[in-house]
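Asker: Take a look at this one; I'll ask things after.
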Amino acid sequence: MAGPHPPKHTVGTDGPMRRAESRPVEFRGPTAGDPVFSPAPTGSAGRPQADYAGQPQWSYPGRRSKRRLVIGMLVAVALVAAVTVAIVFGVRTNGANTGTSFSEGAAKAAIQQYLDALEHDDVDVIVRNALCGLYDGVRDKRSDQALAKMSSDAFRKQFSEVELTSIDKIVYLSQYQAQALFTMRVSPAAGGPTRGDVQGVAQLLFQRGQIMVCSYVLRTGGSY
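Going by this note's numbering, the letters in the sequence shown line up with residues 43 to 266, in that order.
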């Protein structure tokens, strides 16, 4: 009677095959016989370059773009400085330097000259002041001369002599405009005692080195 079947073994040239044992996988570094791998080629600026057609390249701002940015900023600063200098020069040319333009002495001299023109019927000086800087541009001055004549006649009917004694206050409206409150000593045309407390207000304009009295108002109600 046959006994239990014996286990089957595969017989080879080396005898029965042993059961495969599990072993951990070991990784080894490259040896002399292995193919050598090198990193991707790079350009002069350290950027990866394409090693075949169609491969994208990385681009970063280089020294040339930074240099252009610095040059552009310097040009912009130079332009701003040039414009500022031009504006300052233009303003000073038009007489905006109020430090010497509207000093008390200069304002007093200009107002006294205008009062003298009213007193002596100097029509040309009156018109030049009344036009307030427009004298050279006005072609027909006949109406202005007639108005100046009327102002002088009215002034001489009221006063026979006028002397400006003080500038009481100057209010600057802008760099080249101001109004001045002044006191003058007047002698009435009809006779009588001299008055030294008469005040007036003058609108002043400084242009091209000259101060003009654009208007004159007597504080007692007269306007000339």
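No residue lacks a Cβ here, since even glycine has one placed at the ideal position from N, Cα and C.
Does the beta-carbon distance from Ser208 to Leu160 come in below 9 Å?
Answerer: Here residue 208 is taken as the residue at index 166 of the sequence shown, counted from 1. Here residue 160 is taken as the residue at index 118 of the sequence shown, counted from 1. No. Outside cutoff.
Asker: Of all the options Asp186, Glu205 and Lys211, which has the alpha carbon lying nearest to the alpha carbon of Glu146?
Answerer: In the sequence shown, residue 146 corresponds to position 104, counting from 1. When each option's Cα is compared against that of Glu146, the closest is Lys211.
Asker: Return the CA-CA distance between Phe248 and Leu206, expressed in angstroms with no decimal places.
Answerer: For the purposes of this step, residue 248 is identified with residue 206 of the sequence shown, where counting begins at 1. For the purposes of this step, residue 206 is identified with residue 164 of the sequence shown, where counting begins at 1. Cα-Cα distance, rounded: 20 Å.
Asker: Output the distance between the C-alpha atoms of Arg198 and Gln252, rounded to the nearest integer angstrom.
Answerer: Within the sequence shown, residue 198 is the residue found at index 156, counting from 1. Within the sequence shown, residue 252 is the residue found at index 210, counting from 1. Each residue's Cα considered, the two are about 26 Å apart.
Asker: By how many angstroms is the C-alpha of Asn171 removed from the C-alpha of Asp164?
Answerer: Counting from 1 along the sequence shown, the entry for residue 164 is found at position 122. Counting from 1 along the sequence shown, the entry for residue 171 is found at position 129. Cα-Cα distance, rounded: 11 Å.
Asker: For Ile168, count neighbouring Cβ atoms within 10 angstroms of its own Cβ and tell me buried if that reaches 16, exposed if not.
Answerer: On the sequence shown, residue 168 is found 126 positions in, with the first residue counted as 1. Its Cβ being crowded by 16 or more others within 10 Å, Ile168 is buried.
Asker: Could you tell me which of Ala231, Gly233, Leu157 and Ser185 sits nearest to Gly242, measuring between CA atoms?
Answerer: Numbered from 1 along the sequence shown, position 200 holds the residue referred to as residue 242. Answer by Cα proximity: Leu157.
Asker: Skipping 5 residues on each side, what residues in its chain have a beta carbon closer than 8 Å to that of Gln221?
Answerer: In the sequence shown, residue 221 corresponds to position 179, counting from 1. Around Gln221: Ile212, Val213, Leu215, Val243, Ala244, Gln245 and Leu246.
Asker: On a Cα-Cα basis, can you pick out the residue from Thr236, Val255 and Leu223 that is closest to Arg261?
Answerer: Position 219 of the sequence shown, counted from the start, is the residue given in the question as residue 261. Measuring from the Cα of Arg261, the nearest candidate turns out to be Leu223.
Asker: Could you tell me which of Ala149, Tyr258 and Val204 sits nearest to Glu226, measuring between CA atoms?
Answerer: Numbered from its first residue, the sequence shown carries residue 226 at position 184. Just to set this straight, residue 226 is Met in the shown sequence, not Glu. Nearest C-alpha to Met226: Val204.
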